[in-house]
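A.B. asks: Structure below; questions to follow.
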Amino acid sequence: MYQQGEYAAARPLLERALAIRERTLGPDHADTAPSLNNLAGLLYQQGEYAAARPLSERALAICERTRGPDHPDTATSLNNLALLLSKQGEYAAARPLLERALAICERTRGPDHPDTATSLNNLAELLSKQGEYAAARPLYERALAIRERTLGPDHADTATSLNNLAGLLYQQGEYAAARPLLERALAIRERTLGPDHPDTATSLNNLALLLSEQGEYAAARPLLERALAICERTLGPDHPATATSLNNLALLLSEQGEYAAARPLLERVLAIRERTLGPDHPATATSLNSLAGLLSEQGEYAAARPLLERALAIRERTLGPDHPQTRQARDRLRKLYTGKSTTTSFFKRLTQQACDLLRKLRG
300 MYQQGEYAAA
310 RPLLERALAI
320 RERTLGPDHA
330 DTAPSLNNLA
340 GLLYQQGEYA
350 AARPLSERAL
360 AICERTRGPD
370 HPDTATSLNN
380 LALLLSKQGE
390 YAAARPLLER
400 ALAICERTRG
410 PDHPDTATSL
420 NNLAELLSKQ
430 GEYAAARPLY
440 ERALAIRERT
450 LGPDHADTAT
460 SLNNLAGLLY
470 QQGEYAAARP
480 LLERALAIRE
490 RTLGPDHPDT
500 ATSLNNLALL
510 LSEQGEYAAA
520 RPLLERALAI
530 CERTLGPDHP
540 ATATSLNNLA
550 LLLSEQGEYA
560 AARPLLERVL
570 AIRERTLGPD
580 HPATATSLNS
590 LAGLLSEQGE
600 YAAARPLLER
610 ALAIRERTLG
620 PDHPQTRQAR
630 DRLRKLYTGK
640 STTTSFFKRL
650 TQQACDLLRK
660 LRG
């Protein structure tokens, strides 16, 4: 059920499994850790990061104590906790965990094991979020090669690698190279996971972003509308992934000049992200930036300015002063200060940021 995206049905089963193991084996038994990890993973998928974190931290502590610091199960727990920290915007805390997990996998599983590919993928994702695209790319490429060779070209994990590598190519402006990877990832996910799975929605979103960047708005719009419908139906109206789908549809509407239709979507995205991710999360900064761009386009510069100032402050604090998104926010605010604000290409830059937020780390 969990793998099929049936999170609501899976949750009571995972909670019951954990309760049984805690009662029969004890709260600190090695076999209790997988149940903690599984429940934490489901909460992660449902966007309940605050609830998932103590479970992941507890699972890691059990694994290190019962399995040892260099056991593959410890690497799994390190990966899971790091993914959660990354979702919460704590990139600096996540990175050493991912580097340690990769080292363990390469040493215990070997350089070509699927678990090693998972660690490569997760570390590459974090590097990409930190703007280190050149460092991320060979890790993504290696993860994809391992998965195609060991799992097969049509496996769901192969689709994840295709999706993530395509996202990086998109960030680097290599749209022609990214498109067939995104189309292939979508085809795999529709075939293996089904047309209504949340991962399928992610692929729909990513392909639509690329089509929009290439000016194919008519082709992109139904993909975005379908992705949003899937997210609202399977994850709920207030899930971070639903916010991402709303954001992307709003950007497309803005590109087409439908500002009145886009504005309530962007306002809803900001509200969701502030509530679920927190007021200082990088994704919240992206929403502030997006809404400010729309307000600027409508000539509401006084309303846009505090949003841009807040977005810049968040990015400087969470991403650092030299991150590409921080430099972008600083440049945007400078233009607004000097009265040289131009919004013609603003939403195109925002779609480049949206791709990074879309790619979900599903291991």
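Count along the sequence shown from 1, then add 299; that gives the number in my numbering.
Glycine included, each C-beta is placed from N, C-alpha and C at the ideal position.
1) Under 8 Å, do N463 and A423 count as touching if we go by C-beta distance?
2) Do L354 and A339 come within 8 Å of each other at the CB atom, strictly closer than that value?
3) Assign A561 to one of two classes, buried (16 or more other C-beta atoms within 10 Å of its C-beta) or exposed (fewer than that).
4) Between N505 and S544, which are expected to be in contact by the criterion C-beta below 8 Å, what is the C-beta distance as a whole number of angstroms?
5) How is D414 classed by DSSP in three states: helix, strand or coil?
6) Which residue's Cα is closest to the Cα of N255: I403, A433, Y439?
7) Count Cβ pairs between the segment 600 to 612 and the segment 625 to 632 that sit closer than 8 Å; are there 3 or more?
8) Among R488, E389, P371, whose alpha-carbon lies nearest the alpha-carbon of L348?
9) Mapping the DSSP letters down to three states, classify T543 as helix, strand or coil.
10) Once the 5 residues before and after Q345 are set aside, which same chain residues still bring their CB inside 6 Å of it?
11) Would you say L461 and A435 are within 8 Å of each other, going by their C-beta atoms?
12) Excluding the five sequence neighbours on either side, which residues of its own chain have a C-beta within less than 8 Å of the C-beta of T617, listed in chain order?
13) Distance check for T449 and P410, CA to CA, integer angstroms please.
C.D. replies: This is what the structure gives:
1) In this structure, N463 places its C-beta atom within 8 Å of the C-beta atom of A423.
2) Taking 8 Å as the Cβ cut-off, A339 and L354 qualify as a contacting pair.
3) Burial call: buried.
4) So it is not a contact: roughly 11 Å between Cβ atoms.
5) The three-state reading of DSSP puts D414 in helix, counting H, G and I together.
6) No answer is possible for residue 255: it lies beyond the span of the chain, which begins at 300 and ends at 662.
7) As far as the Cβ criterion goes, the segment 600 to 612 touches the segment 625 to 632, which means the pair count is three or higher.
8) The residue you asked about is not Leu; residue 348 is Tyr in the sequence shown. It is E389 whose Cα lies nearest to the Cα of Y348.
9) The three-state secondary structure of T543, taken from DSSP, is helix.
10) Non-local C-beta neighbours of Q345 in its own chain, meaning closer than 6 Å and more than five positions away in sequence, comprise Y306, ordered along the chain.
11) Between L461 and A435, the CB-CB gap reaches or exceeds 8 Å.
12) Contacts found: G388, Y390, D579, H580, P581, A584.
13) Within the model, the alpha-carbon separation for P410 versus T449 is close to 12 Å.
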